[in-house]
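S.K.: Take this structure, written in structure tokens, and hold onto it; I'll ask about it next.
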Amino acid sequence: MKRISILGSSGSIGTQTLETISSMKEIVKIDGLAVGNNIKILQHQIKKFKPRAVSVKSVLAAVKLKKWCKTNNVRVAVYSGQEGLIKLATMTSVNLVVAAVVGAVGLNSTVAAVKAKKDVAIANKETLVMAGNYIMELAAKLGIKILPVDSEHSAIFQCCNGEKKSQIKKIILTASGGPFYKYKGDLSKITISQALDHPTWKMGNKITIDSATLMNKGLEAIEASVLFDVPIEKVEIVIHPQSIVHSMVEYVDGSVIAQLSNPDMTLPIQYALTYPKRIGSKIKPLNLAEIGKLEFYKPDFNKFPCLNLAYFSAKKGYTMPAVMNAANEICVNAFLRGAIKFTDIAKIVKNTILAHKVLKDKSINVFIKADTWSRDYANNLIKKGTL
Ligand code: MG
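At position 383 of the sequence shown (counting the first as 1) the number is 398 in this note's numbering, and the numbers step up by one without a gap.
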């Protein structure tokens, strides 16, 4: 029996995880659910899954929720803030934590889960970009499994089953290309709604914008390098518009192993929950004859400069990926509120990383410090309008 806490249960991955679990009640029990501000969704989830504890972002929301529990005769412990996330990540009864919050805010709770010897199914790629080596080293030392939920990384994980890491020649990370892969117009004129219209995946706003700039693929390249312990130079990106091949691994003998399925997050989520077992799922069976053709293209690093920024940051290492990630979060928010243009995202991230001097200390605080510095720096660039 897996007893789990889901951090970020109202988001895209969180709700899909709960949907997946609905058909796995004999093997998975929900003990903890954490959301940001989405109390309404949390109330539904409490009724349906009866967790022991929940957490919300603010103290005020926690007070409201406690009142609701009393009125509705619901018994559940209510926590709030970072402490709440950490509480849910470290509950004695829990043996697997699904880290599905968006952004760097997920770092502390993920680290706390690993330290409390919980396996982590990780959907929060920003945490791995920010302090991935630290987390992986800690997990290895404590014998904890970090299980990827991202579809590409789940694919790579499956392609690596039973293989020696030292025999990996390269990882081939597939990308749908996002909404602007074939766009010939001026990217600086892209509107918010154009950028939010992803061709294959329905996801939250942050990751959808990241998919449009291809920063998502840059973050995923770093995530792959961290999770599978290969240098960033061995991670290659290929555009694959059909999103059927979820990624591949090439071995030293020239064999390339791929994982394929129709695009459906149920599969990587379920595999992270049931690993090392496989169980039946409701996903649409793959019919290659019906699909007809699978295409692959080189990504355009000039059109999508965020890819260059990600590889540059990964090569610099230490605190640089954390700085890039934080600046990107600030820029995506600024774009979503109409404060900057689509193409300003890469410009501001670039200017922020160029201004950063890497800190070589390996403590977790140093990554948090770099993250804070970067947010301030990027925010200042936006405020001053000097991109
Ligand atoms: Mg992905």
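Even glycine gets a Cβ: it sits at the ideal position worked out from N, Cα and C.
Between the C-alpha atoms of lysine 292 and tyrosine 286, what's the straight-line distance to the nearest angstrom?
M.R.: Approximately 8 Å between the Cα atoms of the pair.
S.K.: Return the residue from the list Lys318, Ser38, Gln60 and Met39 that minimises the CA-CA distance to isoleucine 21.
M.R.: Selected option, being the one with the closest Cα: Gln60.
S.K.: Looking at glycine 47 and valine 117, is the spacing between their C-beta atoms short of 8 Å?
M.R.: No. Outside cutoff.
S.K.: The beta strand (DSSP E) with glutamate 265 in it runs from where to where?
M.R.: That run of the beta strand (DSSP E) goes 260-266.
S.K.: Nearest CA to the CA of threonine 86: which residue from Gln58, Ser270, Lys372 and Met106?
M.R.: Among Gln58, Ser270, Lys372 and Met106, the Cα nearest to that of threonine 86 belongs to Gln58.
S.K.: Would the stretch 259-268 and the stretch 176-192 be scored as touching if the rule is three or more Cβ pairs under 8 Å?
M.R.: Contact holds: three or more Cβ-Cβ distances are below 8 Å.
S.K.: Mind listing, in chain order, the residues whose beta carbon lies closer than 6 Å to a non-hydrogen atom of the ligand MG?
M.R.: Cβ-based neighbours of the ligand MG within the cut-off: Asp165, Ser166, Glu167 and Glu235.
S.K.: So is valine 120 buried or exposed if we call it buried at 16+ other beta carbons inside 10 Å?
M.R.: Buried.
S.K.: Please name the residue or residues paired with leucine 111 in a DSSP beta bridge.
M.R.: BP columns for leucine 111 point to Ile19 and Asp134.
S.K.: Kindly indicate which three-state DSSP category lysine 10 falls into: helix, strand or coil?
M.R.: One cannot answer for residue 10 here, as it falls past the ends of the chain, which runs 16 to 402.
S.K.: Could you check whether proline 283 and serine 169 sit closer than 8 Å to each other, using their CB atoms as the reference points?
M.R.: The answer is yes: Cβ separation under 8 Å.
S.K.: Quick one: is proline 66 buried, meaning 16 or more other Cβ sit within 10 Å of its Cβ, or exposed?
M.R.: With 16 or more other Cβ atoms within 10 Å, it is buried.
S.K.: Less than 8 Å between the C-beta atoms of isoleucine 28 and alanine 146, yes or no?
M.R.: Their beta carbons are not under 8 Å apart, which means isoleucine 28 does not touch alanine 146 by this criterion.
S.K.: If you follow the alpha helix (DSSP H) that threonine 281 is part of, which residue opens it and which one closes it?
M.R.: From DSSP, the alpha helix (DSSP H) with threonine 281 extends over 281-289.
S.K.: In chain order, what are the residue ranges of uninterrupted alpha helix (DSSP H) at least 4 long that sit wholly in the stretch 21-51?
M.R.: Qualifying alpha helix (DSSP H) stretches, in chain order: 27-37.
S.K.: May I ask which residues mark the beginning and end of the beta strand (DSSP E) holding glutamine 257?
M.R.: Looking at the DSSP string, glutamine 257 is not in any beta strand (DSSP E), and its letter there is neither H nor E.
S.K.: For serine 73, count the other beta carbons within 10 Å of its own beta carbon; 16 or more makes it buried, fewer makes it exposed. Which is it?
M.R.: The residue is exposed, with fewer than 16 neighbouring Cβ atoms inside 10 Å.
S.K.: Rounded to a whole number of angstroms, what is the C-alpha to C-alpha distance between asparagine 323 and alanine 68?
M.R.: Near 42 Å, if we compare the C-alpha coordinates of alanine 68 and asparagine 323.
S.K.: Are lysine 331 and valine 373 close, meaning C-beta to C-beta below 8 Å?
M.R.: Yes, the Cβ-Cβ distance between lysine 331 and valine 373 is below 8 Å.
S.K.: Would you mind stating whether threonine 142 and leucine 122 have Cβ atoms separated by less than 8 Å?
M.R.: Yes, they are a contact pair.
S.K.: I'd like the ranges of any alpha helix (DSSP H) spanning at least 4 consecutive residues and lying wholly in the stretch 160-190.
M.R.: Runs of the alpha helix (DSSP H) inside the stretch 160-190: 166-174.
S.K.: Answer with buried or exposed for valine 129, where buried requires no fewer than 16 other C-beta atoms within 10 angstroms of its C-beta.
M.R.: Result: buried.
S.K.: Would DSSP call leucine 275 helix, strand or coil?
M.R.: Reduced to three states, the DSSP call for leucine 275 is strand.
S.K.: Residues in the same chain with beta-carbon distance under 8 Å from serine 95, minus the five sequence neighbours each way, listed in chain order, please.
M.R.: Taken in chain order, the residues that qualify are Ser70, Val71, Lys72, Ser73, Val74, Ala76 and Ala77.
S.K.: Using a threshold of 8 Å, state whether the C-beta atoms of isoleucine 355 and alanine 361 are closer than that.
M.R.: No, the pair does not count as a contact, with Cβ atoms beyond the cut-off.
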